[in-house]
Amino acid sequence: MKDKSQEFAGLAENYEKARPTYPKEMFDDLIDFWNQNKIPTNTQPIIADVGCGTGISTRAIYHAFEGKCKVYGIEPGNDMRITAEAVTQEPIIYINGSAESIPLLDASIDIVTTAQAVQWFDRPKFYVEVHRILKEGGVVAIYENNRDWKKSRFLEKYEELLEQYAYKDDGSQYSRFYRDFSYDEELKS
Numbered sequence: 000m001k002d003k004s005q006e007f008a009g010l011a012e013n014y015e016k017a018r019p020t021y022p023k024e025m026f027d028d029l030i031d032f033w034n035q036n037k038i039p040t041n042t043q044p045i046i047a048d049v050g051c052g053t054g055i056s057t058r059a060i061y062h063a064f065e066g067k068c069k070v071y072g073i074e075p076g077n078d079m080r081i082t083a084e085a086v087t088q089e090p091i092i093y094i095n096g097s098a099e100s101i102p103l104l105d106a107s108i109d110i111v112t113t114a115q116a117v118q119w120f121d122r123p124k125f126y127v128e129v130h131r132i133l134k135e136g137g138v139v140a141i142y143e144n145n146r147d148w149k150k151s152r153f154l155e156k157y158e159e160l161l162e163q164y165a166y167k168d169d170g171s172q173y174s175r176f177y178r179d180f181s182y183d184e185e186l187k188s
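Residues 0 to 188 (numbering that gives the first Met the number 0) are what the sequence shown spells out, left to right.
Here you go:
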């Protein structure tokens, strides 16, 4: 059985080259929210980007805050983490860790982010970890850049094509529903 933490082993170089970035406006919204709701004594947030991959989102977060923050990238995949460390010029700390066991101290983080990764987590365990590491008044930002096949006939047909012809290494077929869940509902339970 393949180690889940190494699910993306061997893909880091292509991932770093081809993975889409995230819009500046999204980070602007996060910063605006932080500035309106931040913990009063902390002007420079401590951020943990969980499931950071090659650090695409991690570096973007650092730059969005204009370097006025401390950022940890948490990644279980050796290949992804090593690539993140190699391509990152910014003073970001990358740590070997998973969403289900984040190697950070209790109540030590102001903002937890995860970009296009939460569907791979054991989410109930991740939510427990987020609660553990967040300071009181901390912020969680979960963001994605998925295709919205429900609003586009073209994308719906594209998803049907993928479901018909795309197979995983274990022989199972691709399903567009792997990310079909509500964070709000899960967090409320």
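Note that the Cβ used here is the ideal one computed from N, Cα and C, for glycine as well.
Small disclaimer: the values here were computed from a predicted structure and weren't measured.
- Annotation note: the segment 20-50 contains the following uninterrupted beta strand (DSSP E) runs of length 3 or greater, listed N- to C-terminal: 45-49.
- For T82, the enclosing alpha helix (DSSP H) covers residues N77 to V86.
- In the DSSP assignment, A63 falls within the unbroken alpha helix (DSSP H) covering I55 to A63.
- Around the Cβ of G66, a 10 Å sphere holds fewer than 16 other Cβ atoms; the residue is exposed.
- Scanning A106, D169, V86 and I110 for the CA closest to the CA of G54 turns up V86.
- In this structure, I30 sits away from I108, with a CB-CB distance that is not shorter than 8 Å.
- When only Cα atoms are considered, Y142 and E15 end up about 18 Å apart.
- In the DSSP assignment, N13 falls within the unbroken alpha helix (DSSP H) covering A11 to A17.
- Within the same chain, Cβ atoms closer than 6 Å to the Cβ of A116 are found at G50, the five residues on either side in sequence being excluded.
- Going by C-alpha positions, A114 is about 24 Å away from E162.
- About 13 Å separates the CB atoms of V138 and F26; that is not less than 8 Å, and the two are not in contact.
- Looking at the DSSP output, E74 sits in a beta bridge with N95.
- Between L133 and A106, the C-beta spacing is below 8 Å.
- Counting along the chain, the unbroken beta strand (DSSP E) around L133 starts and ends at L133 to Y142.
- Here D183 carries a helix assignment [DSSP, helix/strand/coil].
- Put simply, the backbone Cα of G96 is about 27 Å away from that of K23.
- In the three-state DSSP reduction, Q115 falls in the coil class, being neither helix nor strand.
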